[in-house]
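Protein chains in written order, with our numbering: chain A, 582 to 1041; chain B, 2 to 105. Here a beta-carbon is modelled for each residue, glycine too, at the ideal position from N, C-alpha and C. Each remark here refers to the structure printed beneath this line.
In structure tokens form, the structure reads like this:
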């Protein structure tokens, strides 16, 4: 965000921009976008999209709030409680965001408009579903025009989905390097040769990349070319069927069987859930970050109590299963996201300001760190002091579990390494956390030597 | 006007609709299809190489979009017409079946 309150995520668009005003997020619509905005609002398109939950609703605010003189309208969009980015989404989240974009494009054409961009960053997950958040993405459709967002759609959605589906699901992390989507020549080089036999991938990725290279230094008079509305619709249909055909199924069993393993008996697990629930009731958080959430068992204790649970895990399979479960249960208060806590999402883009780091999106009202500390301390050699520093930056309250050295899970981690962790004791743990937090309550967990703590950050 | 590929086919004025594959059944469709096929073949045979970040990828995206949309548009049209033809036959065959039944 700049000093004038204008958000750095929206400076590229000449149609308007986002800015902060007295704690509210507002969007200025510039005079140059007047015709498009009026058509969006009066044609029935806006109503259709918001009724179906495809576009974020907004109210019009006073133009007195405008930041520049060329303002036509000032909008107050419905707030998005937590901003997430495509490199934090699992396969199905990116796929659903892609299908949402195409669905919006199809409906826009029905009302004589088209999307001028197809950025994955224009999609956010609200109440469990993807929704387009950029009200200024719509332009009037001109007869014969091409889809200006075609290349961006291929780079932001089709290429990463194809790579995740046909090569390796972790390749979504390319989106963290390439802010405008995966370059198509790179996607083409990484995809298996067999994908050239699939017409949609052959055309939209492989030939697309070749065409980009072929015409890179040639001039084409774009004004003389046109595409009929039927071809436009066929292109969107073709992209939709290409996306729908891309599939990925979790295979591994490292974490998702975790709960079924012997760490807890089912009675002890239920007791732990009750205790976490009781601690959450005392804090009454609106937003909970569950760090190392696995498939979201304890995130759901938080979300069932009405909080929005951001359910982070490092394993793409866990995040995928968590998201599919949230869809199956039609849950609105849980957002599974992919995150490596030891290397969390950084600030990205121009001057590191276009995409927020994880830290900038906090602090959460409460953080769950259950069966997590021993992974950070032992597997990642992080001293308790560093872990405490981090937790104090991301959460106002903390529900944290200490797993002692004698625990079989810690012994398992120590089995393949020398035990240099002489300071891994409950006393040291409490002392380190005590630097930032006040211990409000603690309780031993049944059938184990583990302890659950409720802490609040000093000065929060 | 631009040269799509080399060697460029000799075109008369107004016949340069190589990429105007819009799915409509127009007179120049066969020319369009032939050129599209040549384009695809050459692209397929083109050697792999590094594309550099400083080149503008917009033009190539524009061209391939016209081509794919044209082909998809034609496929879409064929699907519709094929559906109608099948509809005609299934109607006549069901009528035929009905008359056989009547005969018995």
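Tell me the DSSP secondary structure of residue i in three-state form.
i	result
residue 601(A)	strand
residue 1038(A)	strand
residue 1042(A)	Nothing can be reported for residue 1042(A), as the shown portion of chain A is limited to 582 through 1041.
residue 703(A)	helix
residue 608(A)	strand
residue 692(A)	coil
residue 996(A)	coil
residue 592(A)	coil
residue 916(A)	strand
residue 719(A)	strand
residue 587(A)	strand
residue 86(B)	helix
residue 91(B)	helix
residue 636(A)	strand
residue 960(A)	helix
residue 830(A)	coil
residue 71(B)	helix
residue 769(A)	helix
Around the C-beta of residue i, are 16 or more other C-beta atoms found within 10 angstroms, so that it is buried, or is it exposed?
i	result
residue 875(A)	buried
residue 702(A)	buried
residue 66(B)	buried
residue 931(A)	exposed
residue 595(A)	exposed
residue 87(B)	exposed
residue 1001(A)	exposed
residue 927(A)	exposed
residue 83(B)	exposed
residue 1025(A)	exposed
residue 933(A)	exposed
residue 608(A)	buried
residue 733(A)	buried
residue 686(A)	buried
residue 626(A)	buried
residue 53(B)	Residue placement at residue 53(B) is flagged as unreliable, the pLDDT there being 42, under the threshold of 50; the coordinate-derived value follows with that caveat. It counts as exposed.
residue 708(A)	exposed
residue 697(A)	buried
residue 693(A)	exposed
residue 901(A)	buried
residue 851(A)	exposed
residue 770(A)	exposed
residue 119(B)	Chain B is shown from 2 up to 105; residue 119(B) falls before or after that span and cannot be answered.
residue 962(A)	exposed
In the DSSP assignment, the alpha helix (DSSP H) including residue i goes from what residue to what residue?
i	result
residue 744(A)	740-747
residue 871(A)	That residue, residue 871(A), is in no alpha helix (DSSP H); its beta strand (DSSP E) goes 868-872.
residue 1015(A)	1007-1015
residue 817(A)	810-826
residue 968(A)	965-975
residue 848(A)	847-864
residue 882(A)	878-885
residue 792(A)	789-795
residue 616(A)	615-623
residue 1002(A)	Per DSSP, residue 1002(A) belongs to no alpha helix (DSSP H) and is neither H nor E.
residue 733(A)	731-734
residue 758(A)	755-758
Return the first residue and the last residue of the beta strand (DSSP E) that residue i is part of.
i	result
residue 1023(A)	1018-1025
residue 663(A)	First-last for residue 663(A): undefined, no H or E at that position.
residue 947(A)	945-950
Per the DSSP calculation, residue i is bridged to which residue(s)?
i	result
residue 929(A)	936(A)
residue 641(A)	656(A)
residue 710(A)	707(A)
residue 1032(A)	983(A) and 1025(A)
residue 763(A)	Answer is none; residue 763(A) lacks a bridge partner.
residue 890(A)	869(A) and 915(A)
residue 978(A)	947(A) and 1037(A)
Taking 9 Å as the CB-CB limit, is residue i close to chain E?
i	result
residue 91(B)	Among the chains of the structure shown, chain E does not appear; the protein chains present are A and B.
Please list the residues of the segment 783-805 of chain A that have a C-beta atom closer than 9 Å to any C-beta atom in chain B, keeping them in chain order. 783, 784, 785, 787, 788, 789, 790, 791, 792, 793, 794, 795, 796, 797, 798, 799, 800, 801, 802, 803 and 805
Output, in sequence order along the chain, the residues in the segment 68-87 of chain B whose CB is closer than 9 Å to any CB in chain A. 68, 69, 70, 71, 72, 73, 74, 75, 76, 77 and 78
Please list, in chain order, the residues of the segment 727-752 of chain A that have any C-beta partner in chain B closer than 7 Å. 727, 728, 731 and 732
Anything in the segment 808-834 of chain A with a Cβ closer than 8 Å to a Cβ of chain B? List those residues in chain order, please. 808, 809, 811, 812, 813, 814, 815, 816, 818 and 819
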